[in-house]
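Trainee: My structure is below; once you've seen it, I'll send some questions.
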Amino acid sequence: MIPVLLIFIPLVTGLIGFLLKSEKTARGWALLSSLVTLVVALIGAGAGKTSPILHADVAWLPDLGSRFAVGLDGLSLILSLLTAISFPLIFIATWRDQYKRAWNFYALMLLSQAGLLGVFLAQDALLFYFFWELALIPVYFLCSQWGGERRIAATFKFFVYTFLGSLLMLVGIIWLYFHTPDHSFSMASFYDVHNHMSNSDQTWVFWLLFVAFAIKMPIWPLHTWQPDTYEQSPTAVTMVLSAIMVKMGLFGVIRWLAPVLPIGTWAWGDTVSTACIIGMIYASLVAIKQDDLKRLLAYSSIAHVGLMALAIFATDATGMQGVMIQLFNHGINILGMWIVVDLIERQFGTRKISELGGLAKNAPGLAILLVIVALGNVALPLTNGFVGEFLLFTGVFTSTATAYSVVFTVVAAVTIILGAIYTLNMIQRVFYGPTNALTEKAVDISLNEKMVLSVIVVMIIFIGVFPKPVLEMTKDAAEYILTKMAYK
Numbered sequence: 375m376i377p378v379l380l381i382f383i384p385l386v387t388g389l390i391g392f393l394l395k396s397e398k399t400a401r402g403w404a405l406l407s408s409l410v411t412l413v414v415a416l417i418g419a420g421a422g423k424t425s426p427i428l429h430a431d432v433a434w435l436p437d438l439g440s441r442f443a444v445g446l447d448g449l450s451l452i453l454s455l456l457t458a459i460s461f462p463l464i465f466i467a468t469w470r471d472q473y474k475r476a477w478n479f480y481a482l483m484l485l486s487q488a489g490l491l492g493v494f495l496a497q498d499a500l501l502f503y504f505f506w507e508l509a510l511i512p513v514y515f516l517c518s519q520w521g522g523e524r525r526i527a528a529t530f531k532f533f534v535y536t537f538l539g540s541l542l543m544l545v546g547i548i549w550l551y552f553h554t555p556d557h558s559f560s561m562a563s564f565y566d567v568h569n570h571m572s573n574s575d576q577t578w579v580f581w582l583l584f585v586a587f588a589i590k591m592p593i594w595p596l597h598t599w600q601p602d603t604y605e606q607s608p609t610a611v612t613m614v615l616s617a618i619m620v621k622m623g624l625f626g627v628i629r630w631l632a633p634v635l636p637i638g639t640w641a642w643g644d645t646v647s648t649a650c651i652i653g654m655i656y657a658s659l660v661a662i663k664q665d666d667l668k669r670l671l672a673y674s675s676i677a678h679v680g681l682m683a684l685a686i687f688a689t690d691a692t693g694m695q696g697v698m699i700q701l702f703n704h705g706i707n708i709l710g711m712w713i714v715v716d717l718i719e720r721q722f723g724t725r726k727i728s729e730l731g732g733l734a735k736n737a738p739g740l741a742i743l744l745v746i747v748a749l750g751n752v753a754l755p756l757t758n759g760f761v762g763e764f765l766l767f768t769g770v771f772t773s774t775a776t777a778y779s780v781v782f783t784v785v786a787a788v789t790i791i792l793g794a795i796y797t798l799n800m801i802q803r804v805f806y807g808p809t810n811a812l813t814e815k816a817v818d819i820s821l822n823e824k825m826v827l828s829v830i831v832v833m834i835i836f837i838g839v840f841p842k843p844v845l846e847m848t849k850d851a852a853e854y855i856l857t858k859m860a861y862k
């Protein structure tokens, strides 16, 4: 019941949203829908792990062996909560942003939310692919119609990358389907398919699925679409892309790749881990040189996602639990950073760091809230980022799946230093130092904007000080995935 409601509330309200020809009505409708979805998600989080309301399984395409099977476990629950929390915060934070044909904008945002929730809840491979596309298609239109001056070129690159990835994924899913003993798309059948495949088949089918997921994360060298798309998309859409949509790729690896093809995952683990390390260092160094706030956060996101992907291939229970927790933490932290960028761009008409300065003098509330969010993003102790990254590094360091665990840990740790450099440098240049002609008349943020950032700050500190709830939420799911990834 709960998973079905989580998908159909934004899906139905999104379709209705196209009929609302008033910007004010459409904005309020989208916020109401997202708040109802959040309430349902919280009910799901409060239900017991064995509650029957957390699962639904009905006939969908029986002739193809596919069912509408959805459910909430620790992994899908934490990502569903992230999605359900993020959308109302995005709508409130961007309340004053103006859009042409706003009813279409908000309707597409809700459809994207429905697709994202469907991806995280699906327990059928064909259904997973269906929702994967449902999440992506609205974003094409959101970027191409409401983006920046170079939106067409950025959207075209985004389309080419994601279309290629989706095509490879579909081929891989169909191939695996024909090798299941019962010709079924069910998650249970896919988790058993490696027992009916040769090791050599696993090693090449692995790449069909991994490339699709790696594009969405993204991992170097498949990352080049991301900075342009983030820069040219409306900030509300960039928030969805960065806080939630990149998690689709990591989720896909955890749910639909590593447990399905454990030999392929083990065989290519060092190769993928090396790509993650290269991407983390590269993205961090490029972030240091950025003058555009959006591009700085885009490259920062590549580095953070690379660390999570590295921990997945470490195949360690502690690291896997750290990944699941950090999926939520990174989403919350980067959402807060994007909200600040939107507030700055809306007030000053620029995102260039070199054109800003001294904002803390006239906007102390914004400065204080940003500093806390930024410190969470660089994993300062007593923040949520520290909890997740500590588990991630522990998992990588203690990994027995690779002979290079120490090397990977040491090199990855360098990105913590680099992350602190570009984050603190951004704070110093934007919020402190002398004001200029553009920023001397800065005003502090409004009450609703302070409220949104305060909610994010509370989550950052609460999880950092008391991580027990998220640890308990993810423990069983992490252990279950690890048992399915066992290759011996």
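Position 258, counted from 1, in the sequence shown is what my numbering calls 632; the numbers after and before it change by one each time, with no gaps. We put the CB at the ideal spot given by N, CA and C, even for glycine. Just so we're clear, the structure is a prediction, and the values are computed from it rather than from any experiment.
(1) Is Val646 helix, strand or coil by DSSP?
(2) Which first and last residues belong to the beta strand (DSSP E) in which Val567 is found?
(3) Which residues bound the beta strand (DSSP E) around His429?
(4) In whole angstroms, what is the alpha-carbon distance linking Asp716 and Gly521?
(5) For Phe687, which three-state DSSP category applies?
(6) Ignore the nearest five residues each way along the sequence and tell me which others in Lys824's own chain have a CB closer than 6 Å to its CB.
(7) Assuming Leu501 and Gly546 are in contact, meaning their beta carbons sit under 8 Å apart, how far apart are those beta carbons, in whole angstroms?
(8) Beta-carbon separation of Val432 and Leu380 under 9 Å?
(9) Do you know offhand how far Pro384's Cα is from Leu701's?
(10) Could you name the residues of the same chain whose beta carbon sits closer than 7 Å to that of Thr387, not counting the 5 residues immediately before and after it, in chain order?
(11) Going by DSSP in three states, Ile442 sits in which element: helix, strand or coil?
(12) For a test of the three-state rule: what should DSSP assign to Lys735, helix, strand or coil?
(13) How far does the alpha helix (DSSP H) with Gly420 in it extend, from its first residue to its last?
(14) Opposite Lys726 in the DSSP bridges: which residues?
(15) If we call anything under 9 Å between Cβ atoms a contact, is Pro592 one with Val679?
(16) Does the contact criterion of 3 or more C-beta pairs under 8 Å hold for the stretch 476-496 versus the stretch 645-654?
(17) Helix, strand or coil for Ala496? Go by DSSP, reduced to three states.
(18) Just verifying my parser: in three-state terms, what is the DSSP assignment at Ser560?
(19) Let me know if Lys474 comes out buried or exposed under the rule of 16 or more other beta-carbons within 10 Å of its beta-carbon.
(20) Using only the alpha-carbon positions, how far apart do Glu719 and Ala786 sit?
(21) Rounded to whole angstroms, what's the CA-CA distance from Val745 to Phe533? Just pull it up for me.
(22) Less than 8 Å between the CB atoms is what I'm expecting for Ala528 and Gln606, so what's the real figure, rounded?
(23) Tell me which same chain residues have a C-beta within less than 7 Å of the C-beta of Phe587, skipping the five on either side of it?
(24) Using CA coordinates, which residue listed in Glu507, Pro808, Tyr551, Phe461 is at the minimum distance from Leu438?
(25) Tell me the rounded alpha-carbon separation between Ala734 and Phe805.
(26) Going straight from the alpha carbon of Met698 to that of Leu749, what length do you get?
(27) With a threshold of 7 Å on Cβ separation, who are the neighbours of Glu729 within its own chain once the five nearest residues in sequence on each side are excluded?
Mentor: So, to answer that:
(1) Numbered from its first residue, the sequence shown carries residue 646 at position 272. Val646 falls in the helix class under three-state DSSP.
(2) Reading the sequence shown from its first residue, position 193 is the one you call residue 567. According to the DSSP assignment, Val567 belongs to no beta strand (DSSP E), since it is labelled neither H nor E.
(3) Stepping through the sequence shown from its first residue, residue 429 is reached at position 55. Segment 429-435, the beta strand (DSSP E) holding His429.
(4) Taking the sequence shown and counting its residues from 1, one reaches residue 716 at position 342. Taking the sequence shown and counting its residues from 1, one reaches residue 521 at position 147. Approximately 14 Å between the Cα atoms of the pair.
(5) Residue mapping note: residue 687 aligns to position 313 of the sequence shown, counting from 1. DSSP places Phe687 outside both helix and strand once states are collapsed to three, so it counts as coil.
(6) Counting from one through the sequence shown, the residue named residue 824 turns up at place 450. Taken in chain order, the residues that qualify are Gly739.
(7) Indexing the sequence shown from 1 puts residue 501 at position 127. Indexing the sequence shown from 1 puts residue 546 at position 172. Their Cβ separation, rounded to whole angstroms, is 16 Å, which puts Leu501 and Gly546 out of contact at 8 Å.
(8) What you label residue 432 is simply residue 58 of the sequence shown in a count that begins at 1. What you label residue 380 is simply residue 6 of the sequence shown in a count that begins at 1. Contact: no.
(9) For the purposes of this step, residue 384 is taken as residue 10 along the sequence shown, with counting starting at 1. For the purposes of this step, residue 701 is taken as residue 327 along the sequence shown, with counting starting at 1. Spanning the two alpha carbons is a distance of roughly 22 Å.
(10) Residue numbering aside, residue 387 sits at position 13 when the sequence shown is read from its first letter. The residues Trp403, Ser407, Leu484, in chain order, have a CB closer than 7 Å to that of Thr387 in the same chain once the five nearest residues on each side in sequence are set aside.
(11) Within the sequence shown, numbered from 1, the residue matching residue 442 stands at position 68. A small correction: the amino acid at residue 442 is Phe; Ile does not occupy that position in the sequence shown. Note: Phe442 maps to strand in three-state DSSP.
(12) For the purposes of this step, residue 735 is taken as residue 361 along the sequence shown, with counting starting at 1. In the three-state reduction of the DSSP assignment, Lys735 falls in the helix class.
(13) Translated into the one-based positions of the sequence shown, residue 420 becomes position 46. That run of the alpha helix (DSSP H) goes 397-420.
(14) Locating residue 726 in the sequence shown gives position 352, where the first residue counts as 1. DSSP lists Asp666 as partners of Lys726.
(15) As a first step, residue 592 is located in the sequence shown; it is residue number 218 there, counting from the start. As a first step, residue 679 is located in the sequence shown; it is residue number 305 there, counting from the start. Their beta carbons are under 9 Å apart, which means Pro592 touches Val679 by this criterion.
(16) No: fewer than three Cβ pairs fall under 8 Å.
(17) Numbered from its first residue, the sequence shown carries residue 496 at position 122. Note: Ala496 maps to strand in three-state DSSP.
(18) On the sequence shown, position 186 is the one that residue 560 refers to. Strand, per DSSP.
(19) Position 100 of the sequence shown, counting from 1, holds the residue named residue 474. Exposed is the call here.
(20) As a first step, residue 719 is located in the sequence shown; it is residue number 345 there, counting from the start. As a first step, residue 786 is located in the sequence shown; it is residue number 412 there, counting from the start. Their backbone Cα atoms lie some 32 Å apart in a straight line.
(21) Position 371 of the sequence shown, counting from 1, holds the residue named residue 745. Position 159 of the sequence shown, counting from 1, holds the residue named residue 533. Rounded to whole angstroms, Val745 to Phe533 spans 35 Å at the Cα level.
(22) What you label residue 528 is simply residue 154 of the sequence shown in a count that begins at 1. What you label residue 606 is simply residue 232 of the sequence shown in a count that begins at 1. Going by Cβ atoms, the distance from Ala528 to Gln606 rounds to 4 Å, so yes, they are a contact pair.
(23) Start at 1 with the first residue of the sequence shown, and residue 587 comes out as number 213. Once the five neighbours on either side are set aside, the close Cβ partners of Phe587 are Gly623, Gly626, Val627, Leu631.
(24) Numbered from its first residue, the sequence shown carries residue 438 at position 64. Minimum Cα distance to Leu438 is reached at Tyr551.
(25) Counted from its first residue, the sequence shown places residue 734 at position 360. Counted from its first residue, the sequence shown places residue 805 at position 431. C-alpha of Ala734 to C-alpha of Phe805: approximately 5 Å in a straight line.
(26) As a working note, residue 698 is residue 324 in the sequence shown. As a working note, residue 749 is residue 375 in the sequence shown. In a straight line, the C-alpha of Met698 is about 20 Å away from that of Leu749.
(27) Indexing the sequence shown from 1 puts residue 729 at position 355. Leu812.
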